[in-house]
Structure formats: C-alpha cells, structure tokens
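Structure record follows, encoded as structure tokens.
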Amino acid sequence: MAGQITRHLKPEEEELLQKREELYALRATLAQRELDLVDFRSELSIFEGRYLRQVGRLYAELDSWKARIAELQARLHPSETLKAEAEAAREHARQTYEEAHGKASELPDFTASPELKSLFRDVAKQIHPDLSKDASDLERRTRLMAEANRAYEAGDAQSLRRILDEYQGGADAVEGEGIGAELIRIIRQISQAKSRLSAIEQELTALQQSEIAMLKKQAEEREGQGGDLLAELANSVRERIERARKDYEALAAREAKPA
Amino acid sequence: MRDELQLQIVPGGSDSLLSLTTTRSGLITRGRADAAILIAHNGDEFEASLGVVLCDVDDIDARDVYCGKALLDEVSVSPENKAPALEFFRRAADQGNATAMFNIGAMYTHGREVEQDYIKAAEWYLKAVHHGHLLTYFNVGVMYQNGLGFEQNYAVAARFYRAAAEGTPGDPPLFDPKVICRLDNTSASDLAEASEWFGRTQRGVPAAQFNLGGLYEAGAGVSRDYLSAYVWMKLAADRVGEAGRYAVGRDRVLGKMSDTEVAQAERLAKALGKLAEKRNQKIDDVMTALKRSLEARRSARR
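Order-wise, the sequence lines are chains A and B.
Going by this note's numbering, the first residue of the first sequence is number 11, and it counts up by one from there.
Going by this note's numbering, the first residue of the second sequence is number 103, and it counts up by one from there.
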C-alpha cells in the first residue's frame with residue numbers, strides 16, 4: 011500500500027523477527043517429534059509387556075523344566091560335566107524367570123487418547139529443555155520433561171497438566187535483554203532444538219531396528235494375514251514344555267527304579 | 103559455540119522399561135527367531151520332509167529279498183516281512199553301513215514298519231552322521247530345528263544343514279560364500295577356494311541349502327544375513343529348478359534386501375554363474391577324456 015508509513019527495520023531487528031518465527035515453527039516440530047518418540051517407545055513397552063506375559067513366561071517355564079531335567083540327569087549319572095551343565099541350566103532358568111516376570115511384564119495395555127497427545131505436545135512446546143535460557147532453567151526443564159515422559163507413558167493426564175502449571179507458575183517474565191542478546195539466545199535455542207531433533211530421529215531409527223520393534227512388526231504382518239503371532243508362539247512353546255515335561259517324567263521313572 | 107546448554111538430554115530414556123539396554127533383549131531375540139521360523143513353517147517355507155531314501159546297501163540281492171526295496175517304493179509290506187526290514191538294516195549297520203543306519207533312523211522317524219520314535223531315530227541318525235552320511239546331516243538338522251528327538255536348537259541345526267549343504271560331513275566349514283561377491287578382483291587362491299567350495303555344494307543336499315538359507319533369513323541360530331540366505335537359496339534353486347519353491351524363497355529374500363545388498367546379490371549371482379560355467383567346462387573335459395580313453399581301449403582290443 012502506497013500511503014502506509016513503514017518503519018524500516020534494522021537488519022538485526024529483521025533477523026530477530028525471522029529467527030523468532032523459525033524458533034516458533036521448530037518448537038511445534040520438536041514437540042510433535044518428541045510426542046512421536048514417546049508414543050513409539052510406549053507402544054513398544056506395551057507390546058513387550060504383552061509378549062513377556064504371553065510368551066516370555068512360558069519360556070521361563072520351559073527353561074525351568076530343562077533345568078529340572080539337567081539336574082535329574084546329573085543325579086542319575088554323577089559327573090562334573092553334568093553337574094556344571096545342571097548348574098548352568100538352573101542359572102539360565104533363573105535369568106529367564108526374572109526377565110519374564112520383571113517390572114516390564116506388568117505394564118498395563120493402554121492407548122493414548124487424542125487429548126493426552128495434545129496435552130503432551132503442549133508440555134513439550136513449553137518446557138522442552140532444549141529451549142532453556144540458562145543453566146538453572148535447563149535443570150528445571152529437564153526434570154519436568156522426564157516427568158512428562160513418564161506421565162505420558164502411564165497415561166496420566168493429570169500429572170501432565172500439573173507439570174505445565176508448575177512450569178508456567180515458575181516462568182519468569184522476559185527480562186529486558188537487548189536485541190543483540192535476544193538474538194544470540196534465540197540462535198542458540200534454534201541450534202539446540204535442531205540438534206535435539208536429529209537426536210530424536212536417530213533414536214527413532216534405533217528403536218525401529220530393535221528386536222522388539224521387529225517382533226512387533228512381524229506380529230502386525232501376521233495380524234494382516236489373520237493370525238495372532240503371540241498366541242501361536244505361546245502354543246509352540248507350550249508344546250515344547252509338554253515334551254520337556256514328558257522327558258522329565260520318563261527320566262524320573264528311571265530314577266525311581268534303577269536298572 | 104559450545105557451553106553448558108549444549109548438554110545432550112534424552113528425556114525419559116533412562117527411565118524407560120524397554121528391553122533395549124537390558125539383558126531382557128535375549129528373551130526378545132529368542133521369541134523373534136521362533137516367530138520367524140513359525141511363520142516360515144506355516145507358509146511351508148522350510149523343507150521338512152525327512153525323506154526315507156536310498157537302499158544302496160551293497161548286497162543288491164539281499165536288498166530285494168528283504169524289504170529294502172519295499173521301503174524304497176513305499177509299498178506296504180506284509181506283516182511277516184516287517185521284522186526282516188529292521189533286521190536286514192541292522193545287520194548291514196553292524197558292518198558299518200551308514201545308509202542302513204540312516205534307513206533305520208528314517209523308519210523310526212516315520213513310524214514305518216516300527217512304532218514312531220524320534221529318540222531312537224535320533225540315535226540311529228547320529229550313528230550314520232558318525233560315518234559321514236551326508237543326507238543324515240540334513241535330517242538331523244531338521245530334527246534339531248523342530249525339536250524332534252533333540253532339544254530344539256537352531257544354531258546346531260544350522261551347523262548340520264551347513265555340513266549337508268556344503269557336502270562336507272565332519273569338516274568345519276571355512277569358506278565364506280560372500281567372498282564370491284568380490285571374485286572379479288580377487289586373488290587366485292580365493293578363486294581356487296571358491297571354485298572348490300562351489301564344486302562341493304554341487305554334491306550337497308539342496309533341501310539343506312534351502313533350510314540353511316531360511317535360518318539366515320530368520321536370524322535363527324545364526325545372525326540374520328540376507329546375502330547368505332540368498333546364496334544358499336540360489337544354490338538350491340539352481341539345482342532343483344526355477345519352478346520350485348526354492349526359487350520363490352530366493353526371490354522373497356531379494357525383496358527384503360536393501361539396495362546395496364541387492365547390488366551385491368547381483369554380483370554374487372554373476373560370479374556363481376561363472377563358477378558353474380567353469381565347472382561344467384571341467385566336467386565336459388573329463389567326459390571327453392574318458393570317452394577318448396574308452397575308444398582307445400576298444401580299438402586296442404580289436
């Protein structure tokens with residue numbers, strides 16, 4: 011418009027405006043990717059919990075039968091080798107038991123609601139550690155972000171709201187920094203946000219290549235074919251348990267009446 | 103410019119219950135290998151028939167008299183002939199005949215003429231393996247893979263398949279087939295080794311080659327390695343023909359590969375083709391030489 015009076019921005023002011031916009035956009039992206047990451051991780055945790063309950067515990071049972079067989083064999087034919095094998099089998103069974111019955115196996119099944127997702131995005135946008143201004147701010151943000159991740163994985167919307175309140179309550183007003191100082195701060199924040207973004211990408215890739223993610227993918231493919239991979243796996247391990255049990259009983263009978 | 107704000111933070115990472123950094127990953131890997139095999143078996147992607155084969159017991163007359171021939175032809179034998187089957191093979195086995203040992207194992211595997219008993223089958227197979235009977239290596243591999251007679255163990259299954267696939271009973275396999283990828287610019291000794299290895303695989307058991315490929319594809323007992331899976335499935339398919347399921351398996355593996363791996367696979371296929379050409383050339387040469395010497399002897403007699 012011809013008649014409008016416009017103040018010409020100084021180069022640093024223009025730069026500051028641009029950088030503010032860039033940071034604003036980055037915040038949104040960062041919050042979204044942070045959500046993707048926590049979502050994927052929680053999906054995997056939930057799947058792993060299901061796997062451990064449905065299949066892992068059966069492996070533990072199988073290993074325990076194997077250990078009993080090995081121990082019986084060591085009693086039937088006493089020798090150092092068999093004794094060592096029996097001990098190794100018992101130790102292995104103990105490990106499998108711990109893995110299959112640990113905390114990870116008790117994760118409840120839950121699907122994050124859209125509200126929870128958007129709440130998490132808000133939290134991430136506000137308190138992301140990579141947007142911090144100074145060391146003490148960083149510390150506070152880091153702690154809150156970790157809490158937010160835990161709350162999300164537990165499906166705990168209330169905690170997410172509290173975290174948001176707590177941060178905003180403590181947020182100090184923007185102190186009167188000069189353009190130069192603000193520009194430097196924003197540039198630094200942008201670079202931190204970018205490096206966090208690339209770290210998130212790396213972590214997502216690593217997660218995608220993890221064994222549990224691959225297993226989950228196999229299960230999804232199986233579902234597409236109308237199958238239930240975990241149930242099928244469980245059945246095949248059950249058959250093996252049955253065979254091991256029979257082997258054990260045959261051996262036990264031999265122990266009862268030696269030839 | 104770096105300062106204290108550049109700390110790398112992974113929110114929540116260390117609190118996660120995921121298996122990635124724990125010992126629990128062993129339990130996941132185990133399930134994953136079992137799952138891959140399970141899926142493959144449902145799709146019939148493994149060769150599982152423990153074929154009752156061969157009756158090349160030396161005494162041909164005896165073979166026909168006793169029911170070796172009946173086993174071979176899958177003709178049912180009359181009840182009075184039942185005992186002799188086992189008896190006949192047992193006698194041959196006592197004299198160290200590995201095929202007879204294999205046949206007894208196969209009888210127990212299939213419950214043919216005797217009551218099915220995987221443990222007894224396993225015992226007889228192990229005797230035949232001890233005598234270097236190649237096909238038995240394949241059968242023992244199948245039994246390990248499926249936990250029949252032996253405790254299920256993919257790694258051991260892979261070792262047995264490998265012996266049958268390479269046609270080298272007993273010898274520890276040393277050659278890495280992937281060397282063939284680089285045959286175009288490789289040393290003469292590599293080439294000689296590759297060509298020797300290739301010759302052996304041509305006597306190996308195709309079903310074992312195919313199953314070994316399957317274990318590589320599933321990452322069961324061996325680290326997942328599509329290129330190795332491809333090599334073994336290709337070798338099997340080349341022996342058995344394009345129409346069979348070995349070729350289907352080979353192409354399925356190709357489909358799972360990254361672009362770099364596909365490029366490697368193509369190089370590999372070309373190099374294998376060259377090795378085959380060379381070998382056929384050699385066989386032709388030998389045949390020509392044989393024919394010549396026969397002719398010479400015939401004309402000398404005249």
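Note that CB positions come from ideal geometry on N, CA and C, so glycine has one too.
Here the structure is a predicted model, which means the values were calculated and not measured.
Query: Leu-107 of chain B (DSSP reduced to helix, strand or coil); Result: Reliability fails at Leu-107 of chain B, whose pLDDT of 30 lies under 50, so the model's placement of it is uncertain and no value is given.
Query: Within-8 Å CB hit, Asp-136 of chain B to chain A; Result: yes
Query: Min CB distance Gly-346 of chain B to chain A below 8 Å; Result: no
Query: Distance, Phe-262 of chain B Cα to Pro-88 of chain A Cα; Result: 30 Å
Query: Euclidean distance between Cα positions of Glu-215 of chain B and Lys-222 of chain B; Result: 14 Å
Query: Own chain residues within Cβ distance below 8 Å of Lys-393 of chain B, not counting five before or after; Result: none
Query: For Ala-230 of chain B and Cys-283 of chain B, the rounded distance between their alpha carbons; Result: 35 Å
Query: Pro-213 of chain B - DSSP class collapsed to helix/strand/coil; Result: One detail in the question is off: residue 213 of chain B reads as Gly in this sequence, not Pro. Three-state DSSP puts Gly-213 of chain B in coil, outside helix and strand.
Query: Cα-Cα separation, Gln-228 of chain A to Ala-373 of chain B; Result: 33 Å
Query: Cβ of Ala-122 of chain A within 8 Å of any chain B Cβ; Result: no
Query: Cβ of Gln-228 of chain A within 8 Å of any chain B Cβ; Result: yes
Query: Beta-carbon proximity of Leu-377 of chain B to Ala-296 of chain B, cut-off 8 Å; Result: yes
Query: CA-to-CA distance, Leu-250 of chain B to Leu-174 of chain B, given in whole angstroms; Result: Because the pLDDT of Leu-174 of chain B is 43, which lies under 50, any placement of that residue in the model is unreliable, and the number read from its coordinates should be weighed accordingly. Taking the straight line joining both Cα atoms gives about 23 Å.
Query: CA-to-CA distance, Tyr-246 of chain B to Gly-133 of chain B, given in whole angstroms; Result: 17 Å
Query: Closer than 8 Å at the beta carbon, the chain A residues around Gly-133 of chain B; Result: Tyr-61, Val-65, Gly-66, Tyr-69, Leu-225, Leu-243
Query: Local conformation of Val-307 of chain B per DSSP, three classes; Result: coil
Query: Residues within the stretch 243-269 of chain B neighbouring chain A, beta-carbon criterion of under 8 Å; Result: Gly-249, Glu-253, Gln-254
Query: Leu-317 of chain B: contacting residues in chain A (beta-carbon distance under 9 Å); Result: Residues of chain A passing the Cβ test: none, with the nearest at roughly 16 Å.
Query: Nearest to Asp-278 of chain B (by Cα), restricted to the options B:Lys-380, B:His-233, B:Asp-327, B:His-235; Result: B:Asp-327
Query: Residue-chain proximity (Ala-110 of chain A, chain B), Cβ-Cβ < 8 Å; Result: yes
Query: Three-state secondary structure assigned by DSSP to Arg-326 of chain B; Result: coil
Query: Chain B contact for Ile-196 of chain A (CB, 8 Å cutoff); Result: no
Query: 8 Å Cβ cut-off: residues of chain A touching Leu-140 of chain B; Result: Leu-239, Glu-242, Leu-243, Ser-246
Query: DSSP-derived helix/strand/coil call for Ala-371 of chain B; Result: helix
Query: Residue interval of the alpha helix (DSSP H) (run including Met-359 of chain B); Result: Note, Met-359 of chain B: premise wrong, no alpha helix (DSSP H); not H, not E.
Query: At least 3 beta-carbon pairs within less than 8 Å: the stretch 135-146 of chain A vs the stretch 30-39 of chain A; Result: yes
Query: Neighbour list for Leu-129 of chain B in chain A, Cβ cutoff strictly below 8 Å; Result: Leu-62, Gly-66, Tyr-69, Thr-106, Glu-109, Ala-110
Query: Any C-beta of chain A under 8 Å from that of Gly-357 of chain B; Result: no
Query: C-beta contact flag for His-233 of chain B and Gly-198 of chain B at 8 Å; Result: yes
Query: Residue-level contact to chain B via CB, Glu-221 of chain A, 8 Å cutoff; Result: yes
Query: Contact with chain B by Arg-232 of chain A, beta-carbon distance below 8 Å; Result: yes
Query: The stretch 63-83 of chain A contacting the stretch 93-108 of chain A, beta-carbon criterion three pairs below 8 Å; Result: yes
Query: Closest residue to Glu-101 of chain A among A:Arg-160, A:Glu-81, A:Ala-216, A:Lys-267 (Cα-Cα distance); Result: A:Glu-81
Query: Own chain residues within Cβ distance below 7 Å of Asp-307 of chain B, not counting five before or after; Result: According to the sequence shown, residue 307 of chain B is Val rather than Asp. The answer, listed in chain order, is Leu-236, Leu-237, Phe-240, Ala-266, Ala-267.
Query: CA-to-CA distance, Ala-262 of chain A to Ile-4 of chain A, given in whole angstroms; Result: Outside the shown range of chain A, which is 11 to 269, sits residue 4 of chain A, and nothing can be said about it.
Query: Element boundaries [alpha helix (DSSP H), containing Thr-238 of chain B]; Result: 236-248
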